[in-house]
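Student:
Have a look at this one:
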C-alpha cells in the first residue's frame, strides 16, 4: 500500500523541523565588566576626538598595549601604592600599567602597556580626578598630559600639553569616572 500526502499537509512538520535545527554562534569574546565594582573607577578621556573613550588593554583584560577605545570593553582601575592597577576580574590576577623608560629625556612620548608585573618606572596618582604619572629622573610640565596616537594607543606626554604634539597624536587628559556603567 502506497501512502499519498497532500503537499500542504506537510507544512506543520516542515516548520517544526526548521525550528529544531541546531544553531551555531561564535564563542563569546571577553568584555569589560558592565557594572563598576566598589573601590574601582573607569578612566576616560574628556576631549575630542577621544571624548568618553575608555582606558583598556587590547586584547581586553589581557597583557597588551594601553588604548582609549569604546566603552563596551572599558577597564576598571585604581591607583594603589603608585601603581595603576587594572581589575581583570575576581578569578584573575590584576594587570599593571607600565611606562617605557628611555635614557633620552627629550623623547616626546613614552609607550604604555598593561602587564602582570608591576611598573618599575615612575608612579601614578590621581590629582583630583585626573590620572597623573611622574618620575624622579625628569620633570614634566604637566603630569596629567597624555598622548593618544596610532591605533588609539596611550602614551605619556613628556612635554607640555598642546606643545610640540607629535604628528598623528592627540593631546589628552584622562580622568576617573565613578558612574555605575561606562557611559558614553
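Numbering (mature numbering (1 follows the signal peptide of the UniProt record, and there is no 0)), first residue to last: -19 to -1, 1 to 165. Where is the CB? At the ideal position from N, CA and C, for every residue including glycine.
Within 10 angstroms of its Cβ, does residue 82 collect 16 or more other Cβ (buried), or is it exposed?
Tutor: Position 101 of the chain shown, counting from 1, holds the residue named residue 82. Classification for residue 82: exposed.
Student: In chain order, which continuous runs of the beta strand (DSSP E) of length 3 or greater are located wholly inside the region 85 to 110?
Tutor: 90 to 96, 104 to 108
Student: Using the C-alpha atoms, what's the distance from residue 120 back to residue 8?
Tutor: Stepping through the chain shown from its first residue, residue 8 is reached at position 27. Stepping through the chain shown from its first residue, residue 120 is reached at position 139. For residue 8, the predicted model reports a pLDDT of 36, less than 50, meaning its position is unreliable and no value from the coordinates is stated.
Student: Give the straight-line distance between the Cα atoms of residue 57 and residue 144, rounded to the nearest whole angstrom.
Tutor: Taking the chain shown and counting its residues from 1, the one referred to as residue 57 is at position 76. Taking the chain shown and counting its residues from 1, the one referred to as residue 144 is at position 163. Each residue's Cα considered, the two are about 30 Å apart.
Student: Quick one: is residue 32 buried, meaning 16 or more other Cβ sit within 10 Å of its Cβ, or exposed?
Tutor: Locating residue 32 in the chain shown gives position 51, counting from the first residue. By the 10 Å Cβ count, residue 32 comes out exposed.
Student: Indicate whether residue 60 and residue 107 have their beta-carbon atoms separated by less than 9 Å.
Tutor: Counted from its first residue, the chain shown places residue 60 at position 79. Counted from its first residue, the chain shown places residue 107 at position 126. In this structure, residue 60 sits near residue 107, with a CB-CB distance shorter than 9 Å.
Student: By the DSSP assignment, the beta strand (DSSP E) with residue 152 in it spans what residues?
Tutor: Within the chain shown, residue 152 is the residue found at index 171, counting from 1. 151 to 153 is the extent of the beta strand (DSSP E) around residue 152.
Student: Measuring alpha carbon to alpha carbon, tell me which of 101, 150, 134, 159 ends up nearest residue 111.
Tutor: Working through the chain shown from its first residue, we reach residue 111 at position 130. Closest option to residue 111, Cα to Cα, is 159.
Student: Going straight from the alpha carbon of residue 105 to that of residue 115, what length do you get?
Tutor: Reading the chain shown from its first residue, position 124 is the one you call residue 105. Reading the chain shown from its first residue, position 134 is the one you call residue 115. Answer to the nearest angstrom: the Cα atoms are 7 Å apart.
Student: Do you know how far the Cα of residue 125 is from the Cα of residue 109?
Tutor: For the purposes of this step, residue 109 is taken as the residue at position 128 of the chain shown. For the purposes of this step, residue 125 is taken as the residue at position 144 of the chain shown. Going by the C-alpha atoms only, they are around 11 Å apart.
Student: Using the C-alpha atoms, what's the distance from residue 63 back to residue 135?
Tutor: Walking along the chain shown from the start, residue 135 turns up at place 154. Walking along the chain shown from the start, residue 63 turns up at place 82. Those two C-alpha atoms are separated by around 18 Å.
Student: Specify the secondary structure class of residue 123 as computed by DSSP and reduced to three states.
Tutor: Against the chain shown, residue 123 aligns to sequence position 142. Of the three classes helix, strand and coil, the one that applies to residue 123 here is coil, per DSSP.
Student: Residue 129: which of 50, 87, 74 sits nearest, CA to CA?
Tutor: Taking the chain shown and counting its residues from 1, one reaches residue 129 at position 148. Of the candidates 50, 87, 74, the one whose C-alpha sits nearest the C-alpha of residue 129 is 50.
Student: Can you tell which of 93, 53, 150, 149 has its C-alpha closest to the C-alpha of residue 17?
Tutor: The sequence position of residue 17 within the chain shown is 36, counting from 1. Here the closest residue by C-alpha is 53.
Student: Name the two residues that bound the continuous beta strand (DSSP E) containing residue 59.
Tutor: As a position in the chain shown, residue 59 is number 78, starting the count at 1. Start and end: 57 to 61.
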